[in-house]
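Colleague: From first to last, the protein sequence lines stand for chains S and U.
Just so you know, we're using the working numbering here: the first sequence kicks off at 1 and counts up by one.
Just so you know, we're using the working numbering here: the second sequence kicks off at 315 and counts up by one.
Have a look at the structure that comes next, please.
Protein chains: 2
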Amino acid sequence: MSVLVVGSIALDTIETPFGSVHDALGGSATYIATAASYFVNPIRIVGVVGGDFPLRGLEFLEQRKIDLDGLEVIENGKTFRWTGKYHYDLNIRDTLRTELNVFEKFDPKIPERYRKSTCVCLGNIDPVLQKRVLDQIDNPRLVICDTMNYWIEGKNRELRETLKHINVLIVNDSEARLLSSEPNLIKAARVIRSMGPSIVIIKKGEHGALLLTEEMVFSAPAYPMENIFDPTGAGDSFAGGFAGWLVRTGDVSEENLKRAVIYGSTLASFCVEKFSVEGLSDLTYLQIQDRFREFREFSRFDEEVNTRTIPHTV
Amino acid sequence: MSVLVVGSIALDTIETPFGSVHDALGGSATYIATAASYFVNPIRIVGVVGGDFPLRGLEFLEQRKIDLDGLEVIENGKTFRWTGKYHYDLNIRDTLRTELNVFEKFDPKIPERYRKSTCVCLGNIDPVLQKRVLDQIDNPRLVICDTMNYWIEGKNRELRETLKHINVLIVNDSEARLLSSEPNLIKAARVIRSMGPSIVIIKKGEHGALLLTEEMVFSAPAYPMENIFDPTGAGDSFAGGFAGWLVRTGDVSEENLKRAVIYGSTLASFCVEKFSVEGLSDLTYLQIQDRFREFREFSRFDEEVNTRTIPHTV
Numbered sequence: 001m002s003v004l005v006v007g008s009i010a011l012d013t014i015e016t017p018f019g020s021v022h023d024a025l026g027g028s029a030t031y032i033a034t035a036a037s038y039f040v041n042p043i044r045i046v047g048v049v050g051g052d053f054p055l056r057g058l059e060f061l062e063q064r065k066i067d068l069d070g071l072e073v074i075e076n077g078k079t080f081r082w083t084g085k086y087h088y089d090l091n092i093r094d095t096l097r098t099e100l101n102v103f104e105k106f107d108p109k110i111p112e113r114y115r116k117s118t119c120v121c122l123g124n125i126d127p128v129l130q131k132r133v134l135d136q137i138d139n140p141r142l143v144i145c146d147t148m149n150y151w152i153e154g155k156n157r158e159l160r161e162t163l164k165h166i167n168v169l170i171v172n173d174s175e176a177r178l179l180s181s182e183p184n185l186i187k188a189a190r191v192i193r194s195m196g197p198s199i200v201i202i203k204k205g206e207h208g209a210l211l212l213t214e215e216m217v218f219s220a221p222a223y224p225m226e227n228i229f230d231p232t233g234a235g236d237s238f239a240g241g242f243a244g245w246l247v248r249t250g251d252v253s254e255e256n257l258k259r260a261v262i263y264g265s266t267l268a269s270f271c272v273e274k275f276s277v278e279g280l281s282d283l284t285y286l287q288i289q290d291r292f293r294e295f296r297e298f299s300r301f302d303e304e305v306n307t308r309t310i311p312h313t314v
Numbered sequence: 315m316s317v318l319v320v321g322s323i324a325l326d327t328i329e330t331p332f333g334s335v336h337d338a339l340g341g342s343a344t345y346i347a348t349a350a351s352y353f354v355n356p357i358r359i360v361g362v363v364g365g366d367f368p369l370r371g372l373e374f375l376e377q378r379k380i381d382l383d384g385l386e387v388i389e390n391g392k393t394f395r396w397t398g399k400y401h402y403d404l405n406i407r408d409t410l411r412t413e414l415n416v417f418e419k420f421d422p423k424i425p426e427r428y429r430k431s432t433c434v435c436l437g438n439i440d441p442v443l444q445k446r447v448l449d450q451i452d453n454p455r456l457v458i459c460d461t462m463n464y465w466i467e468g469k470n471r472e473l474r475e476t477l478k479h480i481n482v483l484i485v486n487d488s489e490a491r492l493l494s495s496e497p498n499l500i501k502a503a504r505v506i507r508s509m510g511p512s513i514v515i516i517k518k519g520e521h522g523a524l525l526l527t528e529e530m531v532f533s534a535p536a537y538p539m540e541n542i543f544d545p546t547g548a549g550d551s552f553a554g555g556f557a558g559w560l561v562r563t564g565d566v567s568e569e570n571l572k573r574a575v576i577y578g579s580t581l582a583s584f585c586v587e588k589f590s591v592e593g594l595s596d597l598t599y600l601q602i603q604d605r606f607r608e609f610r611e612f613s614r615f616d617e618e619v620n621t622r623t624i625p626h627t628v
C-alpha cells in the first residue's frame, strides 16, 4: 500500500497564552504526512510552496522519509502563510491573517508514478481540487477526506460531488451538523453516509471522536491533556495517524478501524503538546504504543461478575 | 446503607420539537430518587410541595418505593413550577418561566429517623440549604452534591463552605469551568478537588462524562442517542443512578466508581427517551443491564496482538 497526501503546506505564525512562533512549518498536508510517516513510508506529498520556503522545512519532511517529488516550488512566489491566535480557552481561536500566495492558484498535478497510490488523503482544500486529484488516480482503494464550513457553505454542490468518491470523511462536530442540517450527531453521520462516504469520523476536540459505519458506532475518548501548547494541526495529525495505521495493517475491519481512530487520537495528542510540528518530530515506537495503551486505560470499565452486586430491587 | 435525597419537587411544563407536556412530574429530588430506586430502596426524600400537587405524583413516587415521610405538603401553597422550551438542537433550552411558590421558603427539615442516612444526595438547591441538610445528618459516609452557575456566581462563598463537606461533586462542563476559573477540564477538576470533594464528575451531555479522583481520570462515553424526546432530568437521573449503584454495592473502589458512572449514564439515557419521568417509570433489570453492556460495546477497543502490525518504521 502506498499513501498520497494532497493539501496545504504553510508557514504558520501562532500566538498562544504559552508563547508564540513565527513562520513555523504547518499546513494540512504537512501534518497528515508527518503523522502517517510513523506507520508507513515513504509517504508521497503533493503541494506547493514558494521560493521562500525554508530549507529546514524540507529537511524536516525528508527526515520523516516523506517523498517530495510531488512538491511544486514556485521560485518567484511566496509560501501560503496563516497567522492565528489562541485564547486562554484553547477551544477558541482567531485567524488574524491568511495569505494564500502560491496556494491561491494551487492545481495539484499528480506525478505519473503516484497515480497508482492505493490510499489518498485529501487535506482540507477546495472540493473541486480534491475531485481533480481523484480523477488523476487509478482506482484508489481508500480515499480519506477532510473539509470545513467554508467549503460546506461556499461550494456545497461541488463538495457533494466529491463526497461521492470518498470512503472516509473526517469532520468536526460543527461541520457534521452544517453538512447534514441535523443537530444529532448520530443522525448527522447517517445523512453524510448517504452522500457517499461509508465511514464517517466526527472529531469533537477535547471530547474525543465518533466513528460511524453502517453497522457500528464507536465512541473514542480524548486524551486527558493538561498542557496543550498549540492545537494547530491536531485534526490533520489525527487523519494522518488514522490513515497510517490502516495502510500499515491493510485491515479495514471494524475492530481495526477503531484502533486506527485511537492511533489518530494518539498522534493528535502528541501534536498539541508542542508548537507547530515539533510534537511530531521525534516520537518513538514505545511512546506511541504507551499512549495508545493509556487511551485504553482511562476509557476501560468492566462489568462486575459478583452477583451480590446485581441490582435485585429492580 | 440508606439514601437520603434532598432537592426540588416540581411540576414541569415542557415544549420540545417532538411534543409538549403540562404540569408533568419533575424536580431534582424526583429524578434523583427515581433513578436511585432501581438499585436500592426505600429511598428517603425531603422536599416540599403545595396542596395542588397531584395524587398521580405521589402514586408514582410510592410505586418506586420512595419513602415520603420527609415530604412536606403546604396545603395552602402552590408547587414549584418550571416552564421550558427545547429547540431543534436539544442542547439549547430556554427557561420561559420559573414559579418558585412553596419552594421559595424551602427549609429542609430532616426527620429524626433519616438522620443516620449513610448516603446523602443533595440536588441543585441553595448551597446554604445544602449545608443545613448536612448539619442535621450524623456522619454521612457519602455525600453527593450538584450545583449550577446561578449558585457559583451568586453564592460563591457559601458554596465553597458547603463543598468542604462533599465527597462527590457532580457538575457539567461549563459549571466546572466557572467554579474553577480554568478552561481545561482536567485542571478544573483538580482545582475543584482542592475545594473539598475528593471525587469530581464532569457531565458533558452528548459527549459523556469525566470521573476524576486523585489517582484516576476516567472518560465515560455518552450513549449514542438518536431520539431524545426530553432532556429534562438527565443530570439528576445520572446522579441517582450513580449514587444508587454505589450504595447498592457498598464499594467505592475506582473500578466500581467507573461502573457507577456508567449506571448513572444508563439511567440518564433512559430518562431522555420519554417526557418527564416516563422514561424511568417502568424499567426492568434486563433493560438496565443490557444498556450498561451497550455502553461497553461502543467504547471498547483492543490492542492487536499480531506483531505483523506493530509499526516498525518508527
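Ideal Cβ placement from N, Cα and C applies to all residues, glycine included.
Only a predicted model underlies this, so the values are computations on that prediction, with no experimental measurement involved.
1. Based on the DSSP secondary-structure assignment, which residues constitute the bridge partners of glycine 84 of chain S?
2. Going by C-alpha to C-alpha distance, which of U:Leu339, U:Pro425, U:Gly384, U:Lys392 sits closest to glycine 547 of chain U?
3. On the three-state DSSP scale, how would you describe arginine 607 of chain U?
4. Need the endpoints of the alpha helix (DSSP H) that arginine 562 of chain U sits in, please.
5. Where does asparagine 41 of chain S land, buried or exposed, given buried means 16+ other C-beta within 10 angstroms?
6. Select from U:His479, U:Thr461, U:Thr527 the residue whose C-alpha is nearest the C-alpha of serine 342 of chain U.
7. Please return the same chain residues whose Cβ sits closer than 6 Å to the Cβ of threonine 16 of chain S, not counting the five positions on each side in sequence.
8. Please compile the residues from chain U whose C-beta is within a distance smaller than 8 Å of the C-beta of lysine 203 of chain S.
9. Between the C-alpha atoms of alanine 349 of chain U and leucine 325 of chain U, what's the straight-line distance to the nearest angstrom?
10. For a contact meaning CB atoms closer than 7 Å, what does valine 275 of chain U contact in chain S?
11. Just to confirm the assignment, what range does the beta strand (DSSP E) spanning glutamate 386 of chain U have?
12. By the 10 Å Cβ neighbour count, where 16 or more other Cβ atoms means buried, how is glycine 593 of chain U classified, buried or exposed?
13. Which same chain residues, not among the five before or five after arginine 455 of chain U, have their C-beta less than 8 Å away from its C-beta?
14. Between which two residues does the beta strand (DSSP E) carrying serine 595 of chain U extend?
15. Taking 9 Å as the cut-off, decide whether the C-beta atoms of leucine 694 of chain U and isoleucine 484 of chain U are in contact.
16. Quick one: is aspartate 67 of chain S near chain U, going by C-beta distance under 9 Å?
17. Since isoleucine 513 of chain U and alanine 523 of chain U are thought to touch, with beta carbons under 8 Å apart, how far apart are those beta carbons, to the nearest angstrom?
18. Can you tell me which residues form a DSSP beta bridge with aspartate 460 of chain U?
19. Between threonine 563 of chain U and chain S, is the shortest Cβ-Cβ distance under 9 Å, so that the two count as touching?
20. Pick from S:Leu4, S:Thr83, S:Thr95, S:Gly19: whose alpha carbon is nearest that of aspartate 69 of chain S?
21. Buried or exposed for leucine 477 of chain U, going by 16 or more other Cβ atoms inside 10 Å?
22. Helix, strand or coil for serine 20 of chain S? Go by DSSP, reduced to three states.
23. Residues of chain U with CB closer than 7 Å to the CB of serine 184 of chain S, please, in chain order.
24. Determine the closest residue to arginine 115 of chain S out of S:Leu100, S:Leu96, S:Ile228, S:Asp138, with distance taken between C-alpha atoms.
25. Is alanine 343 of chain U helix, strand or coil by DSSP?
26. Decide yes or no for the touch test of the segment 233-248 of chain S against the segment 257-269 of chain S: beta carbon pairs closer than 8 Å, at least 3 of them.
27. Please compile the residues from chain A whose C-beta is within a distance smaller than 7 Å of the C-beta of aspartate 403 of chain U.
28. Along chain S, in chain order, which residues have C-beta atoms closer than 8 Å to that of glutamate 617 of chain U?
29. Along the beta strand (DSSP E) that carries isoleucine 262 of chain S, what are the first and last residues, could you check?
30. Cutting at 8 Å between CB atoms, please list the residues of its own chain near isoleucine 92 of chain S, excluding the five before and the five after it.
31. Taking 9 Å as the cut-off, decide whether the C-beta atoms of glycine 47 of chain S and threonine 30 of chain S are in contact.
32. Closer than 7 Å, Cβ to Cβ, to anything on chain S: give me those residues from the segment 330-349 of chain U, in chain order.
33. Spell out the partners DSSP gives alanine 209 of chain S in its beta bridges.
34. Report the neighbours of isoleucine 43 of chain S on chain U: residues whose CB is nearer than 7 Å to its CB, in chain order.
35. To which residues of the same chain is alanine 188 of chain S closer than 7 Å at the C-beta, ignoring the five residues directly before and after it?
36. Roughly how many whole angstroms lie between the Cα atoms of lysine 105 of chain S and lysine 155 of chain S?
Modeller: Well, looking at it:
1. Answer is S:Ile14, S:Thr95.
2. U:Leu339
3. helix
4. Where arginine 562 of chain U is concerned, the enclosing alpha helix (DSSP H) stretches over 548-563.
5. buried
6. Minimum Cα distance to serine 342 of chain U is reached at U:Thr461.
7. Tyr86, Asp230
8. What lysine 203 of chain S touches in chain U: nothing, since even the nearest Cβ is about 12 Å away.
9. 18 Å
10. Any answer about residue 275 of chain U is impossible in this case: the structure gives chain U only from 315 up to 628.
11. According to the DSSP assignment, glutamate 386 of chain U belongs to the beta strand (DSSP E) that extends over 380-388.
12. buried
13. These residues qualify, in order along the chain: Met315, Thr432, Cys433.
14. Looking at the DSSP string, serine 595 of chain U is not in any beta strand (DSSP E), and its letter there is neither H nor E.
15. Residue numbering for chain U in the displayed model covers 315 to 628; residue 694 of chain U lies beyond these limits and cannot be assessed.
16. no
17. In fact, because the Cβ distance is near 12 Å, the residues do not count as touching under 8 Å.
18. U:Ile484
19. yes
20. S:Leu4
21. buried
22. strand
23. The sequence shown places asparagine at residue 184 of chain S, rather than the serine named in the question. Proximity of chain U to asparagine 184 of chain S at the Cβ level (cut-off 7 Å) is accounted for by Glu540, in chain order.
24. Among S:Leu100, S:Leu96, S:Ile228, S:Asp138, the Cα nearest to that of arginine 115 of chain S belongs to S:Asp138.
25. helix
26. yes
27. No chain A is part of this structure, whose protein chains are labelled S and U.
28. Arg259, Phe292, Arg293, Arg296
29. Careful: isoleucine 262 of chain S lies outside any beta strand (DSSP E), inside the alpha helix (DSSP H) at 254-271.
30. Tyr86
31. Taking C-beta atoms as the reference points, glycine 47 of chain S and threonine 30 of chain S count as a pair closer than 9 Å.
32. none
33. DSSP, once it has assigned bridges, lists S:Lys203, S:Ala220 as partnering alanine 209 of chain S.
34. Here the premise fails: no neighbours, minimum Cβ distance about 10 Å.
35. Cβ within range, chain order: Ala176, Arg177, Ser180, Glu182.
36. When rounded, the separation of the alpha-carbon atoms in lysine 105 of chain S and lysine 155 of chain S is 17 Å.
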